[in-house]
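Written below as C-alpha cells is the structure these notes are about.
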Amino acid sequence: LEIAKKNAFFLEKNMLKPDGSLFHNYKDGKATINGYLEDYATLIDAYISLYEVTLNTKWLTLSKNLTDTALYHFFDINSKMFFFTSDKDTKLIARKMEVEDNVIPSSNSMMAKNLFKLSHFYDNKHYSTTSKQMLSNMTKNIQNYGSAYSNWLDLYINFTERYFEVAINGKEAHQRLKEINQHYIPNKLIVGSTIESNLPLLESRFVEGKTFIYVCENKTCQLPTEKTEQAIEQLKATFK
Numbered sequence: 112l113e114i115a116k117k118n119a120f121f122l123e124k125n126m127l128k129p130d131g132s133l134f135h136n137y138k139d140g141k142a143t144i145n146g147y148l149e150d151y152a153t154l155i156d157a158y159i160s161l162y163e164v165t166l167n168t169k170w171l172t173l174s175k176n177l178t179d180t181a182l183y184h185f186f187d188i189n190s191k192m193f194f195f196t197s198d199k200d201t202k203l204i205a206r207k208m209e210v211e212d213n214v215i216p217s218s219n220s221m222m223a224k225n226l227f228k229l230s231h232f233y234d235n236k237h238y239s240t241t242s243k244q245m246l247s248n249m250t251k252n253i254q255n256y257g258s259a260y261s262n263w264l265d266l267y268i269n270f271t272e273r274y275f276e277v278a279i280n281g282k283e284a285h286q287r288l289k290e291i292n293q294h295y296i297p298n299k300l301i302v303g304s305t306i307e308s309n310l311p312l313l314e315s316r317f318v319e320g321k322t323f324i325y326v327c328e329n330k331t332c333q334l335p336t337e338k339t340e341q342a343i344e345q346l347k348a349t350f351k
C-alpha cells in the first residue's frame, strides 16, 4: 500500500498538467507527449482502487477530474465511444478507437467500467448512461467473439446482476474496511469516511462515537450495523 501511494503521488506531481490533462511519458526528470486514452483509463482505475483502500477522497476526486477531462477531449458524441488520442493532438487521417480486450483490457472497456463505478460514487446519471451506451455498442462484437471482450463482459455482469455499495462511516471505518476486505466480494464498491462526508452514499450518516456499515443496492440501503460479520451476512444473503 505504501508503494502504491508513493506511485500515486509521483504520477500526480509529475504526469498531471495544470489544466487537468496527462502526460504520457517520463524520462530524465521530464514529462513529455500528451497522454493517450489508456493513460487516463488506467490511472482513473488506479486512483479509484486507492481510494477504496485508503478512504482518502483526494484520490476519488482526482479520478473524477481525469474522467471529466477524458470526456471533454476524447469522447466522440456520434459513436458514444472514446478515441485513443485527444483533440489536443495533431490531426490524424483517422482517429482509432481501441475496443478489444487483449493482453490488457481495452481503454474503452476500462473507461466504461470507470464511469460505471463513478456513477455510484457520485450519483451521476450521465456517467451511468454513458457507460451503459458504450456497453450496448459492443453487443454484436461480444456475441461474435466473446473471448476478446472479457472486460466488457465483466461490466455486463455488473449491470445485469446485483451490484452493491458498501458505505462505512465512523471513527473505526479503516478497521471495518480491513475486516470486509478479508472476504472476496467482487460485485461491490467501497465508500467510507471517519468524519462527516458529502458523498451521496455517506451524506447525513455520520453518528458521533459510532461506526456504521451500510449495505446498499441502487442507493437503497439495508439497516445499518456496527458489526462487520452482520454486513458480510447481508451481502451473502443476497445470493441465497
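Residue numbers (the numbering used here): 112 to 351. For glycine and all other residues, C-beta sits at the position ideal for the given N, C-alpha and C.
message: Just to confirm my understanding: we take E123, look at its own chain, exclude 5 residues before and 5 after, and list those with CB closer than 7 Å. What are they?
response: As a working mapping, residue 123 is identified with position 12 in the sequence shown. Once the five neighbours on either side are set aside, the close Cβ partners of E123 are L173.
- prompt: What are the boundary residues of the alpha helix (DSSP H) that L266 is part of?
  reply: As a first step, residue 266 must be located in the sequence shown, where it is residue number 155. Segment S261 to T271, the alpha helix (DSSP H) holding L266.
message: Taking the beta strand (DSSP E) that S304 belongs to, which residues open and close that run?
response: Here residue 304 refers to the residue found at position 193 of the sequence shown. Where S304 is concerned, the enclosing beta strand (DSSP E) stretches over K299 to S304.
Start-to-end residues for the alpha helix (DSSP H) that takes in V164: Residue 164 sits at position 53 when you count from the first residue of the sequence shown. First-last of the alpha helix (DSSP H) with V164: L148 to T165.
field: Buried/exposed call for Y151, threshold 16 Cβ in 10 Å
entry: Position 40 of the sequence shown, counted from the first residue, corresponds to residue 151. Buried, by the Cβ-count rule.
message: Between the alpha carbons of L148 and G140, how many angstroms are there, rounded?
response: The residue you call residue 148 lines up with position 37 of the sequence shown. The residue you call residue 140 lines up with position 29 of the sequence shown. When rounded, the distance between both Cα atoms is 23 Å.
query: Hey, out of S197, L154, I188 and K191, whose CA is closest to N176's CA?
result: As a first step, residue 176 must be located in the sequence shown, where it is residue number 65. The option with the nearest alpha carbon to N176 is L154.
- prompt: Going by DSSP, what residues sit across from L127 in a beta bridge?
  reply: Stepping through the sequence shown from its first residue, residue 127 is reached at position 16. Paired residues: L133.
message: Alpha carbons only, please: which of D187, K202, S230 and W170 is nearest the one belonging to N219?
response: Working through the sequence shown from its first residue, we reach residue 219 at position 108. Cα-wise, what sits closest to N219 is D187.
- request: Please name the residue in H184, S239 and K282 whose C-alpha comes closest to that of G131.
  value: Translated into the one-based positions of the sequence shown, residue 131 becomes position 20. Of the listed residues, the one whose Cα sits closest to G131 is H184.
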